[in-house]
Amino acid sequence: MILPRYFYTREDVVKIARELLGKKLFTGIKGETCCGIISETEAYEGVTDRASHAYGGRRTARTEIMFRQGGTAYVYLCYGIHSLFNIVTHTVDVPHAVLVRGIIPDVNKSLMEERIGRKLTDKSGSGPGNVSKLLGIHYSHTGIDLCLINSAAEAEDAIWLEDSGINVPDDEVLITTRIGIDYAGEDAKLPYRFEWREKQ
DNA sequence: ATACCGATTAACT
DNA sequence: GTTAATCGGTATA
C-alpha cells in the first residue's frame, strides 16, 4: 500500500504530480497519526525551471534536500509563517519536486480541528500552508524519507504516502498555471498545476 | 553585517 | 477586489 521508491524516482515530475492526486498523505507526529487525500499539486522541474528553488543548479543548505533521491520530504518556510510541504522526485542530484497544495481531510479529523482551533470546513485543506497545518508538518521535518517506516523510526516523526485505490479520471482534473510565481517569466505559463475537482 | 524578498493566509472592503 | 502579518533564505558589501 505504501508508495514504493520507484514511484518517486521516475523522470517525469509533471506526470508524478498528476498521479499524486487521490493518493493518501499520512503523518505520524508525536505519536499521533492522521491522513489527507491529495487534491492539488504543482510540479517544479529543477534546474531548468525559473520557478524552482533549484533553478540553475542553486545548491544551498536549504535546497540541498532537493538534490536527494526521490521520496524525500522538502519542507521550507514561506513568508516567515507557513511550512510548505514538497515531495522530492527523480534520482540523486536532479532536484525535481512536487508541492502539495491541497488535501481532503481523511483520518483523525478531530486532531486536525485541534491543530487549527476550529471545525473543519470545505476549505480547510486548501492551500499549501493549510496542508502542513492540518497534518502537523513543520519545516524542521525537511529531509524525512517518505519510504522509510520501521520500528526504529516510530519514536520519531514520520511522513509517508499510500495508494488509496482511488482513480482520479482526467475529466475531474483541472490543469492550470502555478500560483504565486510571477517572477518566473515564461516558466510561469507552464501548465504544471493539477487540481482535483470532484463531480457534484 | 545588512537589506530585500517570498511556491501564503486570513480578514478585510 | 485589497492588505497586513512575519522571519528564514539569499544576495550584496
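Start counting the first sequence at 101; every next residue gets the next number (the numbering used here).
Ideal placement from N, C-alpha and C gives every residue a C-beta, glycine not left out.
Values in this document were obtained by computation on a predicted structure and should not be read as measured data.
Per the C-alpha coordinates, the member of Glu-298, Glu-111, Cys-134 positioned closest to Leu-234 is Cys-134.
Ala-197: member of the beta strand (DSSP E) spanning 196-207, first to last residue. With a minimum length of 3 residues, the unbroken runs of beta strand (DSSP E) contained wholly in the stretch 151-182 fall at 172-178.
Judged by DSSP in its simplified three-state form, Gly-136 adopts strand. Look at Leu-235 here: in three-state DSSP terms it is helix. Taken through DSSP and simplified to helix, strand or coil, Arg-293 comes out as strand. The C-alpha of Ser-183 lies about 22 Å from the C-alpha of Trp-296. Nearest to Ile-137 by alpha-carbon distance, out of Pro-228, Leu-220, Ile-203, Ile-259, is Ile-203. Distance from Ile-165 to Gly-217 at the Cβ level is roughly 30 Å; contact not present, criterion being Cβ atoms closer than 8 Å. Checking the DSSP bridge columns, you'll see Ile-102 partnered with Glu-262. For Val-114, the enclosing alpha helix (DSSP H) covers residues 113-119. Beta-bridge partners of Ser-226 (DSSP): Gly-202. The residue among Tyr-283, Phe-126, Pro-291 with its C-alpha nearest the C-alpha of Thr-277 is Pro-291. Lys-130 and Asp-257 have their alpha carbons spaced roughly 6 Å apart. Taking the Cα positions, Leu-246 is about 19 Å away from Glu-140. Tyr-174 is classed as buried because its beta carbon has at least 16 other beta carbons within 10 Å across all chains shown.
Taking 8 Å as the cut-off, the beta carbon of Tyr-176 is found closer than this to the beta carbon of Arg-162.
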